[in-house]
Amino acid sequence: MIKIGEKIKDFDILLTGNKQAKLSDYLGKYLVLYFYPKASTPGCTTESCDFTELQPQFSDKNTQILGASKDTLKRQENFKAKYNFSFDLIADESEEVCNYFGVIQEKKNYGRTYMGIVRSTFIIDPKGILIKEWRNLRVKGHAQEVFEFIENLS
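Quick note on the numbering used here: the sequence shown kicks off at 999 and runs consecutively.
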């Protein structure tokens, strides 16, 4: 699992629009990489809409946003289209990126134990170094908190 101050591994990623990319494609900009448990669920929708609302301000600060979950590409496409997100979503069905960032953990819900994504956000600097992480976070106000962190870097 990656730690603050380390250079990120250059993953191949599958983005909405059926685009193949690499994390290195985002070098030269800050990258907000947020992981959410499941597309089109209430908390994930709120979080993604909050990031979309702030996307112009992030862009002004040389920052790209990517959302990620282990949902299928079709589910990610539908999620993005339904809410008109202004950035791409990663379909990490293999869980390779999720596991690298350590976001898949044991969770409990209604007495049931299972492995799932713990809502987390990471900031990667223009050189590809992980500089900030939020783990097991609350959605309310989170996108604004991430923006304020980026804003205070300059």
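Glycine is no exception: its CB is placed at the ideal position from the N, C-alpha and C atoms.
Contact between residue 1121 and residue 1030 holds, since their C-beta atoms are separated by about 6 angstroms, short of 8 angstroms. Spanning the alpha carbons of residue 1139 and residue 1054 requires a straight line of approximately 17 angstroms.
Around the beta carbon of residue 1112, a 10 Å sphere encloses fewer than 16 other beta carbons of the protein chains shown; the residue is thus reported as exposed.
Across the structure, residue 1075 and residue 1004 are spaced so that their CA atoms are roughly 31 angstroms apart.
DSSP, reduced to helix, strand and coil, places residue 1010 within a strand of the structure shown. Under the DSSP definition of a beta bridge, residue 1046 lacks any partner. Taking C-alpha positions only, residue 1070 is separated from residue 1090 by approximately 7 angstroms. In this structure, the beta-carbon distance from residue 1048 to residue 1064 does not fall below 8 angstroms. As the crow flies, the alpha-carbon of residue 1033 is around 15 angstroms from that of residue 999.
Annotated three-state conformation of residue 1030 is strand, per DSSP. Within a 10 Å sphere around the beta-carbon of residue 1151 sit fewer than 16 other beta-carbons, which makes this residue exposed. Bounds of the alpha helix (DSSP H) holding residue 1071 are 1071-1081. In the assembly as shown, residue 1141 is a buried residue. Its beta-carbon has 16 or more other beta-carbons within 10 Å.
About 18 angstroms separates the beta carbon of residue 1027 from that of residue 1050, a gap too long to meet the 8 angstroms contact definition. Proximity of the segment 1008-1028 to the segment 1103-1112 falls short of the contact definition, fewer than three beta-carbon pairs being nearer than 8 angstroms.
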